[in-house]
Amino acid sequence: MTSIPATFFTKDGQRLSKLAYAFLLLLCIAFFTPGIATLPPTDRDESSFAQASKQMIETGNYVDIRLQDKPRYKKPIGIYWLQSASVRLLNVDHLNEIWAYRIPSLLGATVAVLMTAALGTLLFGPMTGLLAAMMMAGCVILNAEARLAKTDAALLGSIMVMQFTLARAYMGIRSWRNSLIFWLALGVGILIKGPIPLLILFSTLLYLRFAEKHAKWFRNLKPLPGLILLALIVVPWFVAIMLQSHGSFATQSAGQDLFSKLWQGQNRGIMPPGMHLLALPIVFFPFALFATLAIPDSWKDRHQKGVGFCIGWILPTWIVFEISLTKLPHYTLPVYPAIALLSARALLAGYPALNEKKASRWVWASVVALWLTIGTGFAIIFAGLPMISDNKWSIAQIIAGAVLILSQGAALYLIFKRKTDSVIVLSFGSLVFMGCVFGLTLPSLDHLWLSRQAVQMAQSIKPCDHLEMVSASYGEPSLVFMAGTDTQIVSNGELAAASMIDDNCRIGLIDDKKKDDFLAGFHAARAEPLALGKVEGINIGHGKSAAMTLYVMPPKINAP
């Protein structure tokens with residue numbers, strides 16, 4: 014192993030060089046691109062976002078947000094504009110392919126990593142920024158979100174630009190360019206996910222206001238012209254959608270989506286405070302060990318400007334997410350760059366607070382044991398998943414799991430001896446493991462992707478040139494996205510039978526539980542459908558097994 018080369022830093026040692034940022038860019042490409050084209054559309058959020066973006070391209074209406082014929086007023090327009098632009102630029106002739114919809118997420122994750130390096134350099138020095146950026150590139154949560162066509166990775170990119178310019182103002186930098194970028198980033202973040210960027214901003218400002226007894230430095234961002242610019246960015250679309258939806262956008266996005274997440278659990282069950290904290294070792298794996306060990310030093314040094322900025326970013330925001338009754342792992346993603354920065358800082362310092370307090374060996378051993386257990390668990394789960402799903406073994410995934418575990422052991426050995434190398438070796442283990450999971454293992458699991466099975470089979474037997482499907486019971490957005498916007502989702506077999514009788518081009522995808530009603534509908538019409546294929550597996554939308562049959566009308570069957 015080699016340490017980080019001196020050419021990654023400027024001659025004065027105060028900044029990262031262009032070579033370092035080029036390295037981080039290549040690292041992001043290596044981490045985030047495997048599987049971006051081969052991983053099928055996931056349910057339900059990703060496919061819903063992608064389908065709504067696809068309909069904007071199909072209809073030419075870039076104001077309204079719809080999922081088939083129903084309004085989708087949960088999030089603002091930003092992510093749909095980004096996805097539509099990506100598809101029109103990169104793959105407009107193949108609207109049913111998911112990869113182009115994922116590009117904004119990939120770019121957002123990459124921007125987040127690069128801005129973590131820049132922010133770390135500003136607050137703590139270039140080595141801290143570089144190591145924190147590597148941690149962000151290799152952690153589980155960002156690797157997952159970078160490959161999903163939804164809001165969170167793109168939002169993180171805008172938040173990191175906002176926080177970087179905010180930190181520059183906090184450190185006393187006054188410039189029109191810095192202020193302009195800050196308000197632009199805030200506006201883009203609001204258009205992507207509404208109030209979340211404001212939560213991050215107000216949390217940081219509130220903490221620093223009480224910690225330092227003033228917030229005069231915020232004037233460096235020129236608030237009055239900035240608010241005018243923010244209004245010009247955000248208000249026009251909100252006015253347009255309120256007029257087009259007759260006010261229902263506000264009712265559904267704020268009244269139903271946001272309120273139900275905060276106080277009702279949004280049909281996902283009520284989860285008590287503390288769940289995000291319990292999820293941190295998994296979500297920020299494999300660098301959660303560094304984050305855990307950094308807590309004493311970070312709290313001890315909370316009055317230092319850089320540390321205080323990160324704690325203000327993390328603590329109030331985290332409390333809000335813990336209070337919220339709906340909890341999903343990606344909700345806390347916007348604070349993980351700050352966690353990575355504090356983790357890298359404490360690692361480079363050698364964890365002095367732990368040494369001073371002479372922490373119990375049992376506490377240290379328990380933290381390490383949990384970390385190693387999580388790594389072993391990841392390795393075992395993904396090694397066994399191909400056998401559980403498709404009754405096959407993946408040698409590549411088994412090797413990747415072994416590499417991950419070995420990298421944990423090497424990082425543990427190096428953590429106090431060669432601090433930067435501990436991050437390097439753990440990043441390598443994560444790179445091998447993540448690349449195999451997302452690039453090879455998950456895309457190869459046929460029984461995990463019911464919509465892909467169904468559409469591929471339907472394409473091979475379609476009775477007409479244009480694929481038309483009607484589905485009884487199975488109504489995941491991924492089916493609509495892959496089969497086409499005009500795919501019909503009906504509640505029972507009789508309706509599916511009527512749809513097929515009305516149009517002989519339609520292929521029926523009938524859940525076995527609806528089969529009797531479906532056949533009864535044909536019997537009443539004195540017709541008989543022909544079963545041509547079976548789709549079986551796990552519906553990842555709700556985690557239950559499913560079995561469905563594809564039917565066509567006999568007069569229109571083409572020979573295979």
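Counting the sequence shown from 1 gives a position; the numbering used here is that position plus 13. No residue lacks a Cβ here, since even glycine has one placed at the ideal position from N, Cα and C.
Per-residue burial, residue i [other beta carbons within 10 Å of its own, 16 or more giving buried]
{"i": "residue 124", "result": "buried"}
{"i": "residue 479", "result": "exposed"}
{"i": "residue 332", "result": "exposed"}
{"i": "residue 408", "result": "exposed"}
{"i": "residue 195", "result": "buried"}
{"i": "residue 82", "result": "exposed"}
{"i": "residue 648", "result": "In the structure as shown, the chain begins at 14 and stops at 573. Residue 648 is therefore absent and cannot be evaluated."}
{"i": "residue 223", "result": "exposed"}
{"i": "residue 506", "result": "buried"}
{"i": "residue 117", "result": "buried"}
{"i": "residue 112", "result": "buried"}
{"i": "residue 375", "result": "exposed"}
{"i": "residue 401", "result": "exposed"}
{"i": "residue 101", "result": "exposed"}
{"i": "residue 263", "result": "exposed"}
{"i": "residue 429", "result": "exposed"}
{"i": "residue 336", "result": "exposed"}
Length of the line joining the Cα atoms of residue i and residue j
{"i": "residue 35", "j": "residue 441", "result": "17 Å"}
{"i": "residue 88", "j": "residue 18", "result": "44 Å"}
{"i": "residue 511", "j": "residue 535", "result": "8 Å"}
{"i": "residue 153", "j": "residue 255", "result": "38 Å"}
{"i": "residue 657", "j": "residue 491", "result": "Lying outside 14 to 573, the shown extent of the chain, residue 657 is not represented and no answer is given."}
{"i": "residue 569", "j": "residue 517", "result": "Model confidence at residue 569 stands at a pLDDT of 45, short of 50, so the residue's coordinates are unreliable and nothing is read from them."}
{"i": "residue 105", "j": "residue 120", "result": "19 Å"}
{"i": "residue 352", "j": "residue 565", "result": "55 Å"}
{"i": "residue 192", "j": "residue 389", "result": "46 Å"}
{"i": "residue 59", "j": "residue 24", "result": "45 Å"}
{"i": "residue 405", "j": "residue 141", "result": "43 Å"}
{"i": "residue 103", "j": "residue 454", "result": "26 Å"}
{"i": "residue 173", "j": "residue 542", "result": "56 Å"}
{"i": "residue 413", "j": "residue 448", "result": "9 Å"}
{"i": "residue 342", "j": "residue 296", "result": "7 Å"}
{"i": "residue 438", "j": "residue 424", "result": "6 Å"}
{"i": "residue 217", "j": "residue 55", "result": "34 Å"}
{"i": "residue 129", "j": "residue 529", "result": "57 Å"}
{"i": "residue 200", "j": "residue 190", "result": "15 Å"}
{"i": "residue 562", "j": "residue 526", "result": "11 Å"}
{"i": "residue 417", "j": "residue 365", "result": "28 Å"}
{"i": "residue 394", "j": "residue 340", "result": "23 Å"}
{"i": "residue 464", "j": "residue 384", "result": "36 Å"}
{"i": "residue 377", "j": "residue 202", "result": "39 Å"}
{"i": "residue 69", "j": "residue 253", "result": "15 Å"}
{"i": "residue 320", "j": "residue 557", "result": "45 Å"}
{"i": "residue 209", "j": "residue 93", "result": "17 Å"}
{"i": "residue 461", "j": "residue 67", "result": "24 Å"}
{"i": "residue 578", "j": "residue 126", "result": "No statement about residue 578 is possible, as the shown extent of the chain runs from 14 to 573 and does not include it."}
Bridge-paired residues (DSSP) for residue i
{"i": "residue 558", "result": "551"}
{"i": "residue 606", "result": "Residue numbering for the chain in the displayed model covers 14 to 573; residue 606 lies beyond these limits and cannot be assessed."}
{"i": "residue 544", "result": "564"}
{"i": "residue 22", "result": "29"}
beta-carbon residue i near the ligand NAP non-hydrogen atom, thresh 7 Å
{"i": "residue 32", "result": "The ligand NAP is not part of this structure, which contains no ligands at all."}
Beta-carbon proximity of residue i to residue j, cut-off 8 Å
{"i": "residue 290", "j": "residue 301", "result": "no"}
{"i": "residue 266", "j": "residue 84", "result": "no"}
{"i": "residue 62", "j": "residue 162", "result": "yes"}
{"i": "residue 467", "j": "residue 524", "result": "no"}
{"i": "residue 514", "j": "residue 496", "result": "no"}
{"i": "residue 175", "j": "residue 204", "result": "no"}
{"i": "residue 309", "j": "residue 367", "result": "yes"}
{"i": "residue 37", "j": "residue 180", "result": "no"}
{"i": "residue 451", "j": "residue 52", "result": "yes"}
{"i": "residue 182", "j": "residue 233", "result": "yes"}
{"i": "residue 355", "j": "residue 311", "result": "yes"}
{"i": "residue 40", "j": "residue 122", "result": "no"}
{"i": "residue 484", "j": "residue 502", "result": "yes"}
{"i": "residue 134", "j": "residue 28", "result": "yes"}
{"i": "residue 470", "j": "residue 519", "result": "no"}
{"i": "residue 458", "j": "residue 522", "result": "no"}
| query | For the stretch 49-124, which segments carrying the alpha helix (DSSP H) assignment without a break, of at least 4 residues, lie completely within its bounds, in sequence order? | reply | With a minimum length of 4 residues, the continuous alpha helix (DSSP H) runs that stay inside the stretch 49-124 are 58-72, 91-103.
| query | Which runs of the alpha helix (DSSP H) fall wholly inside the stretch 327-404 and span at least 4 residues, in chain order? | reply | Fully enclosed alpha helix (DSSP H) runs of 4 or longer: 349-362, 365-370, 374-403.
| task | List in chain order: all unbroken alpha helix (DSSP H) runs of 4+ residues lying wholly within the stretch 130-171. | result | Whole alpha helix (DSSP H) segments, 4+ residues: 139-151, 153-158.
| field | Entirely enclosed alpha helix (DSSP H) segments - the stretch 446-497, minimum 4 residues | value | Counting only runs of 4 or more residues that sit fully inside the stretch 446-497, the alpha helix (DSSP H) segments are 463-474, 490-496, in chain order.
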